[in-house]
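Protein chains in written order, with this note's numbering: chain H, 517 to 849; chain L, 517 to 849.
Each residue gets a CB set at the ideal place from its N, CA and C atoms; glycine is no exception.
Encoded as structure tokens, the structure appears first; notes follow it.
There are 2 protein chains.
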Amino acid sequence: MQIICSTTLNTIFDPISNELKDFDSRLINEISTSSRSLCTIMQDIFAAGGKRLRPALSFLVAKTLTEKIDEKVFLIAEIAELIHTASLVHDDIIDNSLIRRGKATVHSKWASAITVISGDFMFARAAVNLGKIGNNEVTSIFANVLQELCDGEIWQVEKKFDTSCDYEFYYLKNYKKTASLFEAACLSPTIVLNSSPQIQNAFKNYGKNLGMVFQIVDDILDFTADATTLGKPNLSDVLEGQINLPVLIAIDQASTEDKARIIAIIDELRNDKNKQLIDELLTLINKYQGIEKSFDKAIEYAQQAKLSLEQLAPSAAKKSLEALLDYVIDRKN
Amino acid sequence: MQIICSTTLNTIFDPISNELKDFDSRLINEISTSSRSLCTIMQDIFAAGGKRLRPALSFLVAKTLTEKIDEKVFLIAEIAELIHTASLVHDDIIDNSLIRRGKATVHSKWASAITVISGDFMFARAAVNLGKIGNNEVTSIFANVLQELCDGEIWQVEKKFDTSCDYEFYYLKNYKKTASLFEAACLSPTIVLNSSPQIQNAFKNYGKNLGMVFQIVDDILDFTADATTLGKPNLSDVLEGQINLPVLIAIDQASTEDKARIIAIIDELRNDKNKQLIDELLTLINKYQGIEKSFDKAIEYAQQAKLSLEQLAPSAAKKSLEALLDYVIDRKN
């Protein structure tokens, strides 16, 4: 797969630009709560933007199957974004990250009370949508995603600075915290649109694999992006003790001596975040091509995702789903 | 209605004692998460007990309609307890209450990360149950309850020390934060058991009115119970600025001068929680029979609840639902 990223997200989303506009206006304007401060926070959060990647996936999948987007697909797109945003909001409490998307987090801007509730309110609204869709299978899919997200989040907290984590753990964690929701956003529209099992399976695989790509690249960006483009402090994952793919690869590939040194550095980083230690770690990761090999893995997943789309008839939406894979691999934020 | 409380909760729950035993064992043992620490916390929380009032309601309602309790009623009972517990857990973060049920709160015992996630996990498991039940109406009912709970919680945070709140606000807040879940726990079994609209309506009203009784008495207990029986510090609501029924009644009934004094005291309590101020407030509440008149209101709601049950054929479960009204009014914790 060639990595070219001349395409912007806007171009990729062109076949669903009207739907995304409607989506944004619904999301921001139809917050039905009697609390003005809750409304303000929710509008604040949703108006801050974000890529709308998960709703876009639901719309693109639906567009490959039908011209006019069904109301139920709108509800699914909204659920995906609500769950994603709620988990970000609660994560802000959890990891006390000071900056996300280049803005002060809700948690630091507002009292923690309102933060907890606004996340809960998003879950509640997602549940309301599930009731409106009235499809049992879709309810179960998103309920399971919620469980996976909690699991993934807990794993992340429990396994900080734990260098005994292996590839299997890493990929399963990525599935739980990211790919499961991508999968649900792609699979659910095919269910409400009564697609064949083959089509359902194809989009399930596409979503899951794209999610894996997305998370691996996210982990790589922690090493390669700077704070301005990524919108969060560079190396924040590694400083927080997240053992991500570039580190895992370095540990796996290193000589006995280097491996011991990497493990020792990570252990020291618990209490001492000094620049020299970090530079030494980066040098070791580069020595064993941690970043390049992580990219190779991301590209492998992207190829799997692309393969799933092969059985689809040509369409603008299909092209967008393919282009999205390149975009996600080559993204800078 | 005569207030006699020789009956214990165990006696009242006698017709459903087996179901409650099964319920507890399912709740504590069937926590399907791969995280050991999440399991431990959840078991810790659920094994700590609680009255299991909401699941008991679902079981008692079902028992008036059918001898053998349907699996779907079990799932409903579990949803009610999960949502209740999740909201308690998140409330602990919100109001930083140090003691609940006489034990250190999860929040103070564990890191706030795990606290947020364990609440989210309970919501997730509730959603999984909704998927298993597969009844659209039940999904919508509980989704709306989640929204009401968030609303109620926000209201409580926003309106601290706000003496301009009126009765209407107070009762609606009680509905949102308490009665809506009681209502759902009573109504949902009638839906999955395909009861007539009359029966559905009867139990909806019973649950809602019982919930109102429960919350009014809870608010009264803040003034009358001591920390050992209530399991939380006495007067904690009033010190936190919650304008509950006894205060509202005093404000409503007081002479112009006393009314101004009550409002002034509550305002002073924002920053100065001294004993003399509190004693003066209590004297004024007693002068205008704030506690007695709150009880009268609770009894009115209980009478409404009792009325809803009239159309039911006599049964042990019906008797328990009636006895529960007396119990809730006369409870000490």
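Cα-Cα separation between L/G565 and L/L726, rounded to whole angstroms: 21 Å
query: Cβ of H/H606 less than 8 Å from any chain L Cβ?
result: yes
Supposed contact pair L/A640 and L/F658 - C-beta distance, whole angstroms, cut 8 Å: So it is not a contact: roughly 13 Å between Cβ atoms.
- prompt: Nearest to L/K813 by alpha carbon, out of L/P762, L/K803, L/E535?
  reply: L/P762
message: Looking at the secondary structure, which residues open and close the alpha helix (DSSP H) in which H/P571 lies?
response: 569 to 581
L/I767 to L/N651 span [Cα, whole Å]: 45 Å
field: Contacting residues, own chain, Cβ-Cβ under 6 Å from H/W671 (five flanking each side not counted)
entry: K689
- prompt: Does the Cβ-Cβ distance between H/R570 and H/L697 come in under 8 Å?
  reply: yes
message: With a threshold of 7 Å on Cβ separation, who are the neighbours of L/I765 within its own chain once the five nearest residues in sequence on each side are excluded?
response: Y804, G806, K809, S810
query: Is the beta carbon of H/E597 less than 8 Å from the beta carbon of H/L525?
result: no
message: Using C-beta distances below 8 Å, list every residue in its chain close to L/I779, excluding the 5 sequence neighbours before and after it, in chain order.
response: T679, I767
query: Is there at least one Cβ from chain L nearer than 8 Å to H/L591's Cβ?
result: no
- request: Pick out whichever of H/N760, H/Q819, H/K584, H/A563 has its Cα sitting closest to the Cα of H/G723.
  value: H/Q819
- request: Can you say whether H/S771 is buried or exposed, counting buried as having 16 or more other CB atoms within 10 angstroms of its CB?
  value: exposed
query: Using the beta-carbon count (16 or more within 10 Å), is H/P830 buried or exposed?
result: exposed
query: For H/Q731, is the beta carbon positioned less than 7 Å from some heavy atom of the ligand ATP?
result: Judged by which ligands are present, the structure shown has none, so any question about the ligand ATP falls away.
message: With three or more beta-carbon pairs closer than 8 Å as the criterion, would you say the stretch 568 to 587 of chain H touches the stretch 697 to 707 of chain H?
response: yes
- request: Would you identify the three-state DSSP class for L/L751, choosing helix, strand or coil?
  value: coil
- prompt: DSSP three-state call for H/T524: helix, strand or coil?
  reply: coil
query: With 8 Å set as the bound, which would you pick, yes or no: does the beta-carbon of L/N690 sit closer than that to a beta-carbon of chain H?
result: no
task: Using a Cβ cut-off of 8 Å (strictly closer), state whether L/G757 contacts chain H.
output: no
query: Using DSSP with H/G/I as helix, E/B as strand and the rest coil, what is L/T679?
result: coil
- request: With distances taken Cα to Cα, identify the nearest neighbour of L/S551 among H/E664, H/D538, H/Q769, H/I732.
  value: H/E664
- request: Taking C-beta pairs closer than 8 Å, name the residues in chain L that H/N652 reaches, listed in chain order.
  value: G647, G650
message: So that I know if they touch, is there some Cβ in chain H lying closer than 8 Å to that of L/T655?
response: yes
task: Out of L/F637, L/D788, L/R568, point me to the one whose CA is closest to L/S541's CA.
output: L/R568
message: Going by beta-carbon coordinates alone, are L/V654 and H/V632 separated by less than 8 Å?
response: no
query: Along chain H, which residues have their Cβ under 9 Å away from the Cβ of L/S553?
result: I670, V673, E674
message: Rounded to the nearest angstrom, what separates L/E669 and H/L797 at their Cα positions?
response: 46 Å
message: Rounding to the nearest angstrom, what Cα-Cα distance links H/A821 and H/L573 in this structure?
response: 13 Å
task: Would you tell me roughly how many angstroms separate the C-alpha atoms of H/L825 and H/N721, rounded to the nearest one?
output: 9 Å
query: So which residues of chain H does L/F539 contact, with C-beta pairs closer than 8 Å?
result: Neighbours of L/F539 on chain H: none; closest Cβ ~20 Å, over 8 Å.
task: With 8 Å as the threshold, decide whether the Cβ of L/V632 is near any Cβ in chain H.
output: yes
- prompt: Within this structure, are the beta carbons of L/Q714 and L/Q559 separated by less than 8 Å?
  reply: no
- prompt: Interface residues of chain H around L/Q559 at Cβ under 7 Å?
  reply: Here the premise fails: no neighbours, minimum Cβ distance about 15 Å.
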